[in-house]
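Undergrad: Please see the structure below; I have some questions.
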Amino acid sequence: MYHFFAAPEQIGENEIRIVGTDVNHIKNVLRMRPGEQICVSSSRDGLEYRCEIREISSEEVTADIMWAEDGAAELSSQIYLFQGLPKGDKMELIIQKAVELGVHEIIPVASRRCVVKLDAKKEAAKLKRWSAISESAAKQSKRLLIPRIREVMSFKEAVACAEDMDIRLFPYELAKGMEHTRELIASIGPGKKIAVFIGPEGGFAGEEAEYAREHGLEPITLGKRILRTETAGLAVLSVLMYQLEE
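If you read the sequence shown in this note's numbering, its first letter stands for residue -3, the second for the next number, and so on.
Encoded structure:
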């Protein structure tokens, strides 16, 4: 069944109005008709609504609410992925899979060894594309919310952004002690804000790792093998999903 999102103001007592680009998708791509059923989620109340389409116009789709139930697609803690900007279109893959694995927000980070440099115009275009990928992945995986893709931050801005989070993980290729990683992951319970920092292709520079330690980030190892930037974050998210899934 096709899954869509609605803002709180679009949800009434007995009906939901779908507007924006989803109208064209429902009408002209999926070619849906009145009487067909859809699922609609909203971050307002954590509910998933089963609806029946009543009317389709060029501006909106109106659907009657048949019933609503508690959604169970969100993890019990919020995970923030601070991802070093990778080359090419790797960020698109990272966003898609991170959303499927339950990430709450993704923050692109321009660290020292990032090859990619985005000016304001390119960044705006990338953010629009990345946000669309996040929305599509959220629909596919039946999330209750669309993970936000933030504007690109410098490394120091990212560290400051994570300052008030409960757990701040800093996978680093020179970190030692897999047992410490296991113990730290195992100690994470529900209701936490978790920051995960992933470097670009060249990894984090030594001074960035030192700055991270000085500001309370927890260096951890992901094992003896060196993981690509598009693999490392997904590996951490997979372990956290296993730990937090209820």
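For each residue, glycine too, the CB sits at the ideal point set by N, CA and C.
In terms of residue numbering, what span does the beta strand (DSSP E) encompassing D60 cover?
TA: E56 to D66
Undergrad: Can you tell me which of G31, E147 and D18 puts its alpha carbon nearest to the alpha carbon of D60?
TA: G31
Undergrad: Roughly how many angstroms separate the alpha carbons of S252 and D66, rounded to a whole number?
TA: The chain is shown only over -3 to 242; residue 252 falls outside these bounds and no answer can be derived.
Undergrad: Skipping 5 residues on each side, what residues in its chain have a beta carbon closer than 6 Å to that of Q92?
TA: I129 and A133
Undergrad: Within a Cβ cutoff of 6 Å, which residues of the same chain sit near K86, ignoring the five residues on either side of it in sequence?
TA: Contacts found: E226.
Undergrad: Could you have a look at E51 and say whether DSSP puts it in helix, strand or coil?
TA: Three-state result, E51: strand.
Undergrad: Within 10 angstroms of the Cβ of K135, are there 16 or more other Cβ atoms? Answer buried if so, exposed if not.
TA: buried
Undergrad: Applying the 10 Å Cβ sphere with the 16-neighbour rule, what's the burial state of R27?
TA: Exposed.
Undergrad: Looking at the unbroken alpha helix (DSSP H) that takes in A151, where does it start and where does it end?
TA: A quick correction: the sequence has Phe, not Ala, at residue 151. Taken as a continuous stretch (DSSP letters only), the alpha helix (DSSP H) holding F151 covers F151 to C157.
Undergrad: Kindly identify the DSSP beta-bridge partner or partners of H(-1).
TA: According to DSSP, H(-1) bridges with C35.
Undergrad: When burial is assigned at 16 or more other CB atoms within 10 Å of the CB, is P196 buried or exposed?
TA: buried
Undergrad: With a cut-off of 8 Å on the beta carbons, I'd call I163 and Q74 a contact; round off their distance for me.
TA: Not really, about 10 Å apart at Cβ, beyond 8 Å.
Undergrad: Under a Cβ-count criterion, where at least 16 other Cβ atoms within 10 Å of its own Cβ denotes burial, should G198 be classed as buried or exposed?
TA: exposed
Undergrad: Are the beta-carbon atoms belonging to F249 and V95 less than 8 Å from one another?
TA: Residue 249 cannot be examined here, being either before or after the span of the chain that is shown, -3 to 242.
Undergrad: Report back the beta-carbon spacing between F193 and A208 to the nearest angstrom; my notes put them in contact at under 8 Å.
TA: 7 Å
Undergrad: Could you spell out the range, first to last residue, of the alpha helix (DSSP H) harbouring A231?
TA: T225 to L240
Undergrad: Tell me, which residues are paired with I12 by DSSP?
TA: Bridge partners of I12: I7 and A59.
Undergrad: So E70 packs on R139, CB below 8 Å; how close in whole Å?
TA: 7 Å
Undergrad: How is V19 classed by DSSP in three states: helix, strand or coil?
TA: It is helical.
Undergrad: Going by C-alpha distance, which of A64, V232 and S72 is nearest R178?
TA: V232
Undergrad: Based on Cα-Cα distance, which residue from V155, M62 and A228 lies nearest to E44?
TA: Ranking V155, M62 and A228 by Cα distance to E44 puts M62 first.
Undergrad: How big is the Cα-Cα spacing for I14 and V25?
TA: A direct Cα-to-Cα measurement between I14 and V25 gives close to 15 Å.
Undergrad: Does the pairing of the segment 209 to 228 with the segment 157 to 172 give three or more beta-carbon distances under 8 Å?
TA: Output reads yes: the segment 157 to 172 touches the segment 209 to 228.
Undergrad: So for I102, helix, strand or coil by DSSP?
TA: strand
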